[in-house]
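So the protein lines, in turn, are chains A and B. Sequential numbering of the first sequence, starting at 120, is according to the numbering used here. Sequential numbering of the second sequence, starting at 120, is according to the numbering used here.
Protein chains: 2
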Amino acid sequence: MQNFTYYNPTRVVFGKGTIAQLNELVPADRRILLTYGGGSIHKNGVYDQVREALGGRTTLEFGGIEPNPRYETLVRAVDLCRKEKIDYLLAVGGGSVLDGTKFISAAVAHRGGDPWDIVAAAAPVTQALPIGCVLTLPATGSETNGFAVISRQSTREKLAFSSPLVFPQFAILDPETTYTLPRRQVQNGIADAFVHVMEQYLTYPAAAPLQDRQAEAILRTLIEEGPKTLRRPRHYAARANLVWCATQALNGLINCGVPQDWATHAIGHELTALYGLDHAQTLVIVLPALWQHQKRFKQAKLVQYAQRVWGVRSSRDAAAVAIGKTEEFFRSLGMKTRLSEHGIGRDGFEEVADRFARRGQRLGERQRIGSRQVREILERCL
Amino acid sequence: MQNFTYYNPTRVVFGKGTIAQLNELVPADRRILLTYGGGSIHKNGVYDQVREALGGRTTLEFGGIEPNPRYETLVRAVDLCRKEKIDYLLAVGGGSVLDGTKFISAAVAHRGGDPWDIVAAAAPVTQALPIGCVLTLPATGSETNGFAVISRQSTREKLAFSSPLVFPQFAILDPETTYTLPRRQVQNGIADAFVHVMEQYLTYPAAAPLQDRQAEAILRTLIEEGPKTLRRPRHYAARANLVWCATQALNGLINCGVPQDWATHAIGHELTALYGLDHAQTLVIVLPALWQHQKRFKQAKLVQYAQRVWGVRSSRDAAAVAIGKTEEFFRSLGMKTRLSEHGIGRDGFEEVADRFARRGQRLGERQRIGSRQVREILERCL
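Below is the structure:
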């Protein structure tokens, strides 16, 4: 096991009817900016529950944070916060609203420089506005971590930053608020959580059996509960289990002391930036292709995964079975696992590979994936 | 799944050589009281590492906190803190030092009343001194939770309290500091962590499959790594895995949204108070006896545990097999699982049962265990 630090101060408030607890969780004297996305919270009752719980608190609103939240949108919220002397951010939505709100939080306090530097140049975050959140879409885990991914439309870039200062102070997770999500967002959420686990698990053995089993626990539960909640969106237990799995998948726990990959995400981000595919749509395409390409290096964990998660007892090539089962699982959720199914050919592959080359960026748990390997993996995505 | 709140703000710093990080973790301007136990930290080098990392900070010391830390001892530290205007507590040791330090932390700020009320009368903890810790004994999980158990010699009582204010701010876990622990303390630690998991897992099904699997992950890892670290105390990976299992067993995670038992602990505490047995020694005696007594109510989870943790495929009575395997596991660690092996007969049983009757206390996940059932369970402990 490698040395590690684990720190996660977010208070999770989980269950039916918990939005009412906002009244105790948000300090009474703050000037709040309520951030949200496309407006579904106006239709599903969440907005009304939030406003009622906030009572007479001074609350401004900033809606329209899009999926893959854009720098161009968020800087408008930064201006608003400064002008209106906002001192508390309440994010109501899914991972994109959360990520965007984290950027606003850090950017408001980033004086005298370009806030894009926080993302693009790892400018240190030394101050940030406090954030609370009401999660309405189980997927990214952003509700209890200090990460955010921000896109810039003008340059078609999608980049991440992290800071312990942007952990939400609290996260309200009421599974009932997710009942009315479109099917596609639920599929994406299941896949996103699943691949988050894989980025921290499917690498090489590191003498960390508890972390392995904690990861396998999430995978098995997603395989069991994911399809169940797609079939029966208002089955409370299934939805609650999906929400808790998605949170546990990226809260810093299962990566304690183990190597991490994240190559699937890095390549996927480029595909979203170039082709506009949903984040999770890219992941389910890249993951099996990347595993095939890297199979000999990931052999031991692929076999362990095959045995423990899929119950493969004996097979000449358990690793190949594991890759096949994984792609089948994604397809069983109703997702496309090939670029060609989205009508995408190899036209942009050079551009993607070049981006990694230009940045001198190498990917994977052993940095084995460079520009050439990205190109080869993309060929397997067709 | 039941509604729940999860909150755990402790920063875990895990691995070889991490005591040196005290220098960044403890504020430079604090007046520190370093608390410890029987003095093993002077022999194993931990004390020297701690003092070196603290550098020139004003540091007083309070040693001699005993196993099952005593109120009578701790109030002397409370007086010292007040007299010396201590404003930071650094606990260096195992669960007893941690628990005792939590009591000191809350009691120093408890003015105008008897500090024993914090434990005996649930007096609210409204302020507490900040605590940091260097853990040297994997067992109780106290390093990352807000619980403490305190004993009072004059009344032979052993009672618990909890407060979010007594979570350690940080916990340094260096597995190498545990290499020189006496074998008995390692046995106790493995058993303690194992039973902590059981109190939160072996109840009744609650539609919380992720929490179940997270609990099973800890159990399987303890079964695998516990005996390994007893055989080879300086095997780093085995020791690191034990340390991480013990922390994960009682950090508030696996009990999210599920019923809890804690009857084994409640009865065990009385046995420690009356007979002076080690805490874990009581747990491994009470747990199998309690399960036999409550078998029909715990049937479903006992069968799940048999199948998933012990790999029992088919059996007429998988629940009975599970109970037998558990007792065997404890014995394989070198522990005694019967009171008679400690030379204890039924003399004190009435007294123990009476205590629960006098307090009107009922135990277990469904409050099915009263004074009469405690008496019956104790008979099975002989």
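We put the CB at the ideal spot given by N, CA and C, even for glycine.
(message) Rounding to the nearest angstrom, what Cα-Cα distance links A/E484 and B/E295 in this structure?
(response) 26 Å
(request) Please report how far the alpha carbon of B/K444 lies from the alpha carbon of A/V132, in whole angstroms. (result) 37 Å
(request) Count the C-beta pairs between the region 311-322 of chain B and the region 392-405 of chain B that are closer than 8 Å, then say yes if the count reaches three, no if not. (result) The way I'd put it, the region 311-322 of chain B does touch the region 392-405 of chain B; three or more beta-carbon pairs between them come closer than 8 Å.
(request) Scan the region 148-233 of chain B and note each continuous beta strand (DSSP E) run of 3 residues or more that stays entirely inside, going in chain order. (result) 151-154, 178-181 and 207-212
(request) Could you tell me whether the region 485-500 of chain A touches the region 402-413 of chain A, using the rule of 3 or more Cβ pairs below 8 Å? (result) With the cut-off at 8 Å, the region 485-500 of chain A and the region 402-413 of chain A touch.
(message) Is the separation between the beta-carbon of A/G156 and that of A/I138 shorter than 7 Å?
(response) no
(request) Spatial neighbours of A/M317 within its chain, please: CB distance less than 7 Å, with the 5 preceding and 5 following residues excluded, ordered by chain position. (result) Cβ-Cβ distances below 7 Å link A/M317 to L406 in the same chain, with the five nearest sequence neighbours on each side left out; the list follows chain order.
(request) Going by CA-CA distance only, name the one from A/I309, A/A147 and A/Q121 that's closest to B/K135. (result) Closest in alpha carbon position to B/K135, among A/I309, A/A147 and A/Q121, is A/Q121.
(request) Kindly examine the ligand SAH and report whether one of its heavy atoms sits closer than 6 Å to the Cβ of B/A399. (result) With respect to the ligand SAH, the structure offers nothing, as it holds no ligand at all.
(message) Between the alpha carbons of B/V211 and B/C252, how many angstroms are there, rounded?
(response) 6 Å
(message) If you reduce the DSSP assignment to three classes, tell me which class B/K277 lands in.
(response) In the structure shown, B/K277 falls within a strand segment according to DSSP collapsed to helix, strand and coil.
(message) I'd like to know if the region 370-390 of chain A and the region 343-356 of chain A are in contact, where contact means that at least 3 CB-CB pairs between them fall below 8 Å.
(response) no
(request) Specify the secondary structure class of A/R130 as computed by DSSP and reduced to three states. (result) Strand.
(message) Across the region 141-148 of chain B and the region 221-240 of chain B, are there enough close Cβ pairs to call them in contact, namely three or more that are closer than 8 Å?
(response) no
(message) Strictly under 7 Å for the Cβ-Cβ distance: is A/G134 near chain B by that measure?
(response) Among the residues facing chain B, A/G134 is included, as its CB has a counterpart in that chain under 7 Å away.
(request) Would you mind sorting B/H412 into buried or exposed? The rule is 16 or more other CB atoms within 10 Å of its CB. (result) buried
(message) Between the alpha carbons of B/P249 and B/Q288, how many angstroms are there, rounded?
(response) Looking at the two C-alpha atoms, the distance is approximately 7 Å.
(request) Report all residues from its chain with a CB closer than 8 Å to the CB of A/K420; omit the five preceding and five following residues, and keep chain order. (result) The beta carbon of A/K420 lies closer than 8 Å to those of Y320, L321, T322, Y323 and P324 in the same chain, with the five residues before and after it left out.
(request) With DSSP as the reference, label B/L284 as helix, strand or coil. (result) The DSSP-derived three-state label of B/L284 is helix.
(message) Excluding the 5 residues flanking A/I442 on each side, which residues of the same chain have their C-beta closer than 8 Å to its C-beta?
(response) The residues are P407, W410, Q411, K414 and L421.
(message) Does chain E have any CB closer than 7 Å to the CB of A/M120?
(response) Of the chains in the structure shown, none is chain E; the protein chains are A and B.
(request) Label B/G232 either buried or exposed according to how many other C-beta atoms from any shown protein chain fall within 10 Å of its C-beta, with 16 as the threshold for buried. (result) exposed
(request) Pick out whichever of A/E447, A/G387 and A/Y125 has its Cα sitting closest to the Cα of A/V268. (result) A/G387
(message) 7 Å is my cut-off, CB to CB: does B/C364 come that close to chain A?
(response) yes
(request) Counting only the same chain and skipping the five closest in sequence on each side, list residues whose C-beta sits under 7 Å from that of A/F449. (result) These residues qualify, in order along the chain: A310, V403 and T456.
(message) With DSSP as the reference, identify every bridge partner of B/G443, one or two as the case may be.
(response) The partner list for B/G443 (beta bridge, DSSP) is empty, contrary to what the question assumes.
(request) Determine the closest residue to B/V440 out of B/L452, B/G453, B/Y424 and B/M454, with distance taken between C-alpha atoms. (result) B/Y424
(request) Starting from B/S490, follow the alpha helix (DSSP H) in both directions and report where the run begins and ends. (result) It spans S490 to R499 - the alpha helix (DSSP H) in which B/S490 sits, taken as one unbroken run.
(message) Does any residue of chain B have a CB that is nearer than 7 Å to the CB of A/Y320?
(response) Any Cβ of chain B closer than 7 Å to the Cβ of A/Y320 would place that residue at the interface, and such an atom is absent.
(request) Drop a sphere of 10 angstroms on the beta-carbon of B/Q168, count the other beta-carbons inside from all chains shown, and report buried for 16 or more, exposed for fewer. (result) buried
(message) Could you check whether A/Q333 and B/Q379 sit closer than 7 Å to each other, using their CB atoms as the reference points?
(response) no
(request) Report yes or no: is there a C-beta of chain A within less than 7 Å of the C-beta of B/R351? (result) no
(message) In the DSSP assignment, the beta strand (DSSP E) including B/T124 goes from what residue to what residue?
(response) F123 to Y125
(request) Starting from the beta carbon of A/T137, find every residue of chain B whose beta carbon is closer than 8 Å, and list them in chain order. (result) N122
(request) Could you spell out where the alpha helix (DSSP H) holding A/R271 opens and where it closes? (result) Unbroken run through A/R271 is the beta strand (DSSP E), F266 to R271; no alpha helix (DSSP H).
(request) Please state if the CB of B/E335 and the CB of B/F290 are separated by a distance shorter than 7 Å. (result) At residue 290 of chain B the sequence reads Ala, which differs from the Phe that was named. It is not a contact, given that the beta carbons lie outside the stated cut-off.
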